[in-house]
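S.K.: Have a look at this one before I ask anything.
There are 2 protein chains.
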Amino acid sequence: MQAVRIAGGGLTPFGQFPNRTSRDLFAEAAESALNDAGVKCEDVDHLCFGNFVGDVAERQGHQGPLMAEMAGVSAPATRYESACAAGGMAVRGAVQKIRLGEADVVIVGGAEQLNTLDTGGATEALAMAADELYESRVGVTFPGAYALMARAYFAEHGGTREDLAAISVKNHENAVHNEYAQFRNKITIDDVLDAPTVADPLGLYDSCPVSDGAATAVLVSESYAREHDLEAPVTITGSGQGGDTLALQGRSTLTHTPATKQAAEAAYANAGITADAVQVAEVHDCFTIAEVLAIESLGFFEYGNGIAAAAEGHTTRDGSVSVNLSGGLKAKGHPVGATGVAQIVELTRLFRGDHPNSSAIADATVGVAHNAGGTVASAVVHVLEVER
Amino acid sequence: MQAVRIAGGGLTPFGQFPNRTSRDLFAEAAESALNDAGVKCEDVDHLCFGNFVGDVAERQGHQGPLMAEMAGVSAPATRYESACAAGGMAVRGAVQKIRLGEADVVIVGGAEQLNTLDTGGATEALAMAADELYESRVGVTFPGAYALMARAYFAEHGGTREDLAAISVKNHENAVHNEYAQFRNKITIDDVLDAPTVADPLGLYDSCPVSDGAATAVLVSESYAREHDLEAPVTITGSGQGGDTLALQGRSTLTHTPATKQAAEAAYANAGITADAVQVAEVHDCFTIAEVLAIESLGFFEYGNGIAAAAEGHTTRDGSVSVNLSGGLKAKGHPVGATGVAQIVELTRLFRGDHPNSSAIADATVGVAHNAGGTVASAVVHVLEVER
């Protein structure tokens, strides 16, 4: 089985770009990734693309071949849609194609254009990630669903809005120097607590923004990297996926995310590591509570201890595991289909030393990317390792 | 690498079911496939699902985990969207997971609900398969795009509306005894020629209907089939994918479909066969001209000879290669995301002897499924072989 190396990555800034299309954003990220990789367009064997709401927001489905054109490549292309985990799922598809020997070079990317919609339209579009019959139709929105999870967590394990706020403060701080981040301002605990309520107990600063943007990585087989003398020190050593019921009502608990646990266990086994080995992680913090659930289900902290661990600083740049050094979905932004790919690109930059926060993990060799869809009905985890 | 066997298949009738949801249709097909396979729900490792317009027609994205629930399985799930090739793409994903050893049992399915939309709404939804900026926005619909291809074909290679009509007549005849087909009536050449024009030179009977329905297959690894003593005589021996520009304007020809050629060559090489070996095929006849383009690009006939070959009966049940014994998209129906999976299920039934048209291919051992998206910007080809 071929090892999968990351030859290069490209990002657009994340933000509000209502006058750009997702194809235009993707073209920018893809060009940047191909340049970074030093791989020629004609060597690309496949393109894997993640997008969530393009059908509704841009009346554009069938984005695989479109995005291949935008990347300037003539290769078969596949679109993955798994709500907010679309990007991670595309990465998984790319890894599988290389491991199988079906491809030596795969462009994996994601893009999303949400800000052509107004707030109501975006909320409605994002609600397609929930169960239309049993959730969206009766008024459950994503802030509402995660607020239910936060309340259940508080009731079962304790924790406060202040504890959650620490996560948002950390992620904003991490984003300050990230040139691709949507929000590069520091905030305080009080800013979070005083912000307007979105769905109690979650306020505006507990919630990721509505973002546009694109992310692209060029993945290559070990043998291609060697033949072409590519500098590609980062390897994807583990890939795992988990699933759960789409609607919250079908689950036995709201305070755990078994899909993340399943994806993590599969990815760790695949990489031959345990959770203890992970020193840096990009996790799916669509809401502050989601980061708590993620760091527990990923095995970094015991169930019920994640919120205190976060509040006590164990996930900061100096903590036992540095979480969301990019700024996370909260501060870096969340152009849905791009997010899972951006996590891989950010980890690659962090490992290679060309990220503004690289110094925080100068000796780290094992990182994890965690991408989730809906209320974690889908989860994808990848393990990345770097040669130092 | 694990060989991939088809342990069972399930279909709903294809037709107009505006009062059913795609989840409901899928549950029926999945139950039927699991029963046919004799595989327990708890053994299922993954679900691959194809759907095109659910986001628009049912406001439901993120269908992977939803459909896993509907199938009664607790397994990670992935949705594939590649317009009308979504189902074939899901089959490819399932094949890759088993070949890689990531899964021993994969449910692959597709479902579509289109008839909740009116004709205008369905046309608009299906137009998401074309390029929104350069085609759909300026009024190109799918009948219009394929009419352009038919006109170009006539101009370059000759052929007439009568020649195309023979394809529709054949497919209707094949569907007469198929209990799952949407149209089970014989038609004549005159019926086709006298039908209302949809987009000149294509008339109503040159065009597949707007269908609802679902299809599911249970794919298993060779070793799982052996361990569980499953009767699974049909093997997927080849899988290939091709791509082209999304918009017709980007192509150097309208009379060939290079994406199909690319997919076929990859699938044949993968299976270790040549086109000559193929005795039976389910091809993507969304319009009569599409069947002509398919049988040429699949290598059954030389470029420019397909239309005459079809008119002369070489693709009938008694022809050199029997094409669309199910009735094809034209007469069996085309519930978009289900189509690529249904092709696999129909070939399996044909090979196993439990299809009403099995007698037509009693000695055949090699079949092909060809699924296309948009104006063949995406194509997927699978080779199926049976032990006799």
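If you read the sequences in order, they're chains A and B. Position one of the first sequence corresponds to residue 1195 (this note's numbering), numbered consecutively onward. Position one of the second sequence corresponds to residue 1195 (this note's numbering), numbered consecutively onward. Note that CB positions come from ideal geometry on N, CA and C, so glycine has one too.
Looking only at DSSP bridge pairs, what is residue 1557 of chain B linked to?
M.R.: As a position in the second sequence, residue 1557 of chain B is number 363, starting the count at 1. Looking at the DSSP assignment, residue 1557 of chain B forms no beta bridge with any residue, so it has no partner.
S.K.: Taking Cβ to Cβ, would you say residue 1536 of chain A is nearer than 8 Å to residue 1279 of chain A?
M.R.: Here residue 1536 of chain A refers to the residue found at position 342 when the first sequence is read from its first residue. Here residue 1279 of chain A refers to the residue found at position 85 when the first sequence is read from its first residue. Their beta carbons are not under 8 Å apart, which means residue 1536 of chain A does not touch residue 1279 of chain A by this criterion.
S.K.: Since residue 1286 of chain B contacts residue 1429 of chain B with CB under 8 Å, what's their CB separation in whole angstroms?
M.R.: Counting from 1 along the second sequence, the entry for residue 1286 of chain B is found at position 92. Counting from 1 along the second sequence, the entry for residue 1429 of chain B is found at position 235. Residue 1286 of chain B to residue 1429 of chain B, Cβ: 15 Å. No contact.
S.K.: Does the beta-carbon of residue 1582 of chain A have 16 or more other beta-carbons within 10 angstroms, so that it is buried, or is it exposed?
M.R.: On the first sequence, position 388 is the one that residue 1582 of chain A refers to. Its Cβ having fewer than 16 others within 10 Å, residue 1582 of chain A is exposed.
S.K.: Using only CA atoms, which one of A:1435, A:1504, A:1367 lies nearest to residue 1376 of chain A?
M.R.: As a first step, residue 1376 of chain A is located in the first sequence; it is residue number 182 there, counting from the start. Nearest option by C-alpha distance: A:1367.
S.K.: Threshold first: 4 residues or longer. Then list the alpha helix (DSSP H) segments lying entirely within the segment 1446–1519 of chain B, N to C.
M.R.: For the segment 1446–1519 of chain B, whole alpha helix (DSSP H) runs of length 4 or above, ordered along the chain, are 1452–1465, 1482–1491, 1500–1505.
S.K.: What separation, rounded to the nearest whole angstrom, lies between the Cα atoms of residue 1327 of chain B and residue 1502 of chain A?
M.R.: Here residue 1327 of chain B refers to the residue found at position 133 of the second sequence. Here residue 1502 of chain A refers to the residue found at position 308 of the first sequence. Cα to Cα, residue 1327 of chain B sits roughly 50 Å from residue 1502 of chain A.
S.K.: Which of helix, strand or coil does DSSP assign to residue 1278 of chain A?
M.R.: Taking the first residue of the first sequence as position 1, residue 1278 of chain A is located at position 84. Strand at residue 1278 of chain A.
S.K.: Can you list, in chain order, the residues of the segment 1272–1283 of chain A whose Cβ is nearer than 8 Å to any Cβ on chain B?
M.R.: 1272, 1273, 1274, 1275, 1276, 1277, 1283
S.K.: Whose Cβ in chain B lies nearer than 7 Å to the Cβ of residue 1293 of chain A?
M.R.: Sequence index remark: in the first sequence, residue 1293 of chain A carries index 99 (1-based). The contacting residues are 1294.
S.K.: Do the CB positions of residue 1201 of chain B and residue 1233 of chain B come within less than 8 Å of each other?
M.R.: Sequence index remark: in the second sequence, residue 1201 of chain B carries index 7 (1-based). Sequence index remark: in the second sequence, residue 1233 of chain B carries index 39 (1-based). It is a contact, given that the beta carbons lie within the stated cut-off.
S.K.: Do you know how far the Cα of residue 1438 of chain B is from the Cα of residue 1335 of chain A?
M.R.: Position 141 of the first sequence, counted from the start, is the residue given in the question as residue 1335 of chain A. Position 244 of the second sequence, counted from the start, is the residue given in the question as residue 1438 of chain B. Distance between the alpha carbons of residue 1335 of chain A and residue 1438 of chain B: 38 Å.
S.K.: Flag this pair as touching only if the segment 1522–1538 of chain B and the segment 1438–1447 of chain B have three or more C-beta atom pairs under 8 Å; answer yes or no.
M.R.: Touching, no, given that fewer than three Cβ pairs across the two stretches are closer than 8 Å.
S.K.: Give me the residue from B:1258, B:1511, B:1347, B:1264 with the minimum Cα distance to residue 1223 of chain B.
M.R.: To locate residue 1223 of chain B, count along the second sequence from 1; it is residue 29. Among B:1258, B:1511, B:1347, B:1264, the Cα nearest to that of residue 1223 of chain B is on B:1264.
S.K.: Residue range of the alpha helix (DSSP H) that residue 1243 of chain A falls in?
M.R.: The residue given as residue 1243 of chain A occupies position 49 in the first sequence. Following the DSSP letters along the chain, one finds residue 1243 of chain A in no alpha helix (DSSP H) but inside the beta strand (DSSP E) bounded by residues 1240–1244.
S.K.: Spell out whether any CB of chain A is found under 8 Å from the CB atom of residue 1557 of chain B.
M.R.: Residue mapping note: residue 1557 of chain B aligns to position 363 of the second sequence, counting from 1. Residue 1557 of chain B does not count as touching chain A.
S.K.: How many whole angstroms separate the CB atoms of residue 1473 of chain A and residue 1381 of chain A, which I take to be in contact at a CB cut-off of 8 Å?
M.R.: To locate residue 1473 of chain A, count along the first sequence from 1; it is residue 279. To locate residue 1381 of chain A, count along the first sequence from 1; it is residue 187. Not quite, the Cβ-Cβ distance comes to about 26 Å (not below 8 Å), so this is no contact.
S.K.: For residue 1470 of chain B, does the count of other Cβ atoms within 10 angstroms reach 16, so buried, or fall short, so exposed?
M.R.: The residue you call residue 1470 of chain B lines up with position 276 of the second sequence. Result: exposed.
S.K.: If you reduce the DSSP assignment to three classes, tell me which class residue 1392 of chain A lands in.
M.R.: Residue mapping note: residue 1392 of chain A aligns to position 198 of the first sequence, counting from 1. Residue 1392 of chain A falls in the strand class under three-state DSSP.
S.K.: With a floor of 4 residues, list each alpha helix (DSSP H) that falls wholly inside the segment 1217–1267 of chain A, ordered by position along the chain.
M.R.: 1248–1251, 1257–1265
S.K.: Report back the beta-carbon spacing between residue 1563 of chain A and residue 1459 of chain A to the nearest angstrom; my notes put them in contact at under 8 Å.
M.R.: Residue numbering aside, residue 1563 of chain A sits at position 369 when the first sequence is read from its first letter. Residue numbering aside, residue 1459 of chain A sits at position 265 when the first sequence is read from its first letter. Contact check for residue 1563 of chain A and residue 1459 of chain A: beta-carbon distance about 15 Å, past the 8 Å limit, so the pair fails to qualify.
S.K.: Count the other C-beta atoms from every protein chain shown that fall within 10 angstroms of the C-beta of residue 1446 of chain A, then say buried if there are 16 or more, exposed otherwise.
M.R.: For the purposes of this step, residue 1446 of chain A is identified with residue 252 of the first sequence, where counting begins at 1. Residue 1446 of chain A counts as exposed, since fewer than 16 other C-beta atoms from the protein chains shown sit within 10 angstroms of its C-beta.
S.K.: Between residue 1504 of chain A and residue 1485 of chain A, is the Cβ-Cβ spacing less than 8 Å?
M.R.: What you label residue 1504 of chain A is simply residue 310 of the first sequence in a count that begins at 1. What you label residue 1485 of chain A is simply residue 291 of the first sequence in a count that begins at 1. Cβ atoms of residue 1504 of chain A and residue 1485 of chain A: closer than 8 Å.
S.K.: By the DSSP assignment, the beta strand (DSSP E) with residue 1430 of chain B in it spans what residues?
M.R.: As a working mapping, residue 1430 of chain B is identified with position 236 in the second sequence. Run containing residue 1430 of chain B: 1428–1437, per the beta strand (DSSP E) assignment.
S.K.: Going by alpha carbons, who is nearest to residue 1451 of chain A out of A:1479, A:1487, A:1493, A:1236?
M.R.: Indexing the first sequence from 1 puts residue 1451 of chain A at position 257. Among A:1479, A:1487, A:1493, A:1236, the Cα nearest to that of residue 1451 of chain A is on A:1487.
S.K.: Have a look at the DSSP bridge pairing and note the partners of residue 1408 of chain A.
M.R.: Translated into positions along the first sequence, residue 1408 of chain A becomes position 214. Per DSSP, A:1305.
S.K.: To the nearest angstrom, how far is the alpha carbon of residue 1391 of chain A from that of residue 1385 of chain A?
M.R.: Position 197 of the first sequence, counted from the first residue, corresponds to residue 1391 of chain A. Position 191 of the first sequence, counted from the first residue, corresponds to residue 1385 of chain A. Distance between the alpha carbons of residue 1391 of chain A and residue 1385 of chain A is about 12 Å.
S.K.: Assuming residue 1288 of chain B contacts residue 1302 of chain B (C-beta within less than 8 Å), just tell me the rounded distance between them.
M.R.: What you label residue 1288 of chain B is simply residue 94 of the second sequence in a count that begins at 1. What you label residue 1302 of chain B is simply residue 108 of the second sequence in a count that begins at 1. The pair is a contact, with the Cβ atoms about 4 Å apart (cut-off 8 Å).
S.K.: Measuring straight from C-alpha to C-alpha, what distance separates residue 1211 of chain B and residue 1408 of chain A?
M.R.: As a working note, residue 1211 of chain B is residue 17 in the second sequence. As a working note, residue 1408 of chain A is residue 214 in the first sequence. Rounded to the nearest angstrom, the two C-alpha atoms are 38 Å apart.
S.K.: Use the C-beta contact count for residue 1195 of chain A: other C-beta atoms within 10 angstroms, 16 or more gives buried, fewer gives exposed.
M.R.: Taking the first residue of the first sequence as position 1, residue 1195 of chain A is located at position 1. Exposed, since its Cβ has fewer than 16 Cβ neighbours within 10 Å.
S.K.: Using a Cβ cut-off of 8 Å (strictly closer), state whether residue 1403 of chain B contacts chain A.
M.R.: Here residue 1403 of chain B refers to the residue found at position 209 when the second sequence is read from its first residue. It does not: the Cβ of residue 1403 of chain B has no partner Cβ on chain A nearer than 8 Å.
S.K.: Whole angstroms is fine: what's the gap from residue 1182 of chain B's alpha carbon to residue 1207 of chain A's?
M.R.: Absent from the structure is residue 1182 of chain B, since the part of chain B shown begins at 1195 and ends at 1582.
S.K.: Cβ atoms of residue 1521 of chain A and residue 1309 of chain A: under 8 Å apart, would you say?
M.R.: For this step, residue 1309 of chain A is matched to residue 115 along the first sequence. For this step, residue 1521 of chain A is matched to residue 327 along the first sequence. No, Cβ-Cβ distance for residue 1309 of chain A and residue 1521 of chain A is not below 8 Å.
S.K.: Cβ closer than 9 Å: which chain A residues qualify as neighbours of residue 1378 of chain B?
M.R.: Taking the second sequence and counting its residues from 1, the one referred to as residue 1378 of chain B is at position 184. By Cβ distance, chain A contributes nothing, its closest Cβ being about 31 Å from residue 1378 of chain B, past 9 Å.
S.K.: Give a yes or no on whether the minimum CB-CB distance between residue 1253 of chain A and chain B is below 8 Å.
M.R.: Here residue 1253 of chain A corresponds to residue number 59 of the first sequence, with the count starting at 1. Interface residue, yes.
S.K.: Is there a Cβ from chain A that is less than 8 Å from the Cβ of residue 1263 of chain B?
M.R.: Position 69 of the second sequence, counted from the start, is the residue given in the question as residue 1263 of chain B. Answer yes: the Cβ-Cβ gap between residue 1263 of chain B and chain A drops below 8 Å somewhere.
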